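Participant: One structure, as structure tokens, below. Some questions next.
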Amino acid sequence: MPSEFDLITRYFAKPTPQAILGPGDDCALLAPSPGMELAVTTDMLVAGVHFFPDTDPAQLGWKALAVNLSDLAAMGAKPR
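Numbering (the working numbering), first residue to last: 8 to 87.
Spelled out as structure tokens, the structure:
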């Protein structure tokens, strides 16, 4: 199985022209229109790797939200 960074390199090596900061850090930073910046992140959670297969779905949802919000916070993103 390819690593997370192998997948990033394979599919996102050439970011869109609107990318201020491409993927590979905690988030990608995009400028979809003048004066607007958008922080985008997603983390893959794999059963048996990042959580037990019998994990309660509500707890898993909480973890999925927490790891992605953590990435946004690490980049200094602020909701607007």
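The beta-carbon is built from N, C-alpha and C at its ideal position, and this holds for glycine as well. Here the structure is a predicted model, which is why all the values come from computation and not from measurement.
1. Using DSSP with H/G/I as helix, E/B as strand and the rest coil, what is residue 12?
2. Can you check whether the CB of residue 53 is closer than 7 Å to the CB of residue 35?
3. Could you tell me which residues DSSP pairs with residue 58 in its beta bridges?
4. Using a 10 Å radius around the Cβ and a threshold of 16 neighbouring Cβ atoms, would you call residue 37 buried or exposed?
5. In its own chain, which residues sit with a C-beta less than 7 Å from the C-beta of residue 75, not counting the 5 before and 5 after it?
Facilitator: Taking the definition as stated:
1. The residue labelled residue 12 in the question sits at position 5 within the sequence shown. Residue 12: helix per DSSP, three-state reduction.
2. Residue numbering aside, residue 35 sits at position 28 when the sequence shown is read from its first letter. Residue numbering aside, residue 53 sits at position 46 when the sequence shown is read from its first letter. No, the pair does not count as a contact, with Cβ atoms beyond the cut-off.
3. Counting from 1 along the sequence shown, the entry for residue 58 is found at position 51. 54, per the DSSP bridge assignment.
4. Taking the first residue of the sequence shown as 1, we reach residue 37 at position 30. The residue is buried, with at least 16 neighbouring Cβ atoms inside 10 Å.
5. Here residue 75 refers to the residue found at position 68 when the sequence shown is read from its first residue. Counting only Cβ-Cβ distances below 7 Å, and skipping sequence neighbours, we find 48, 49, 50.
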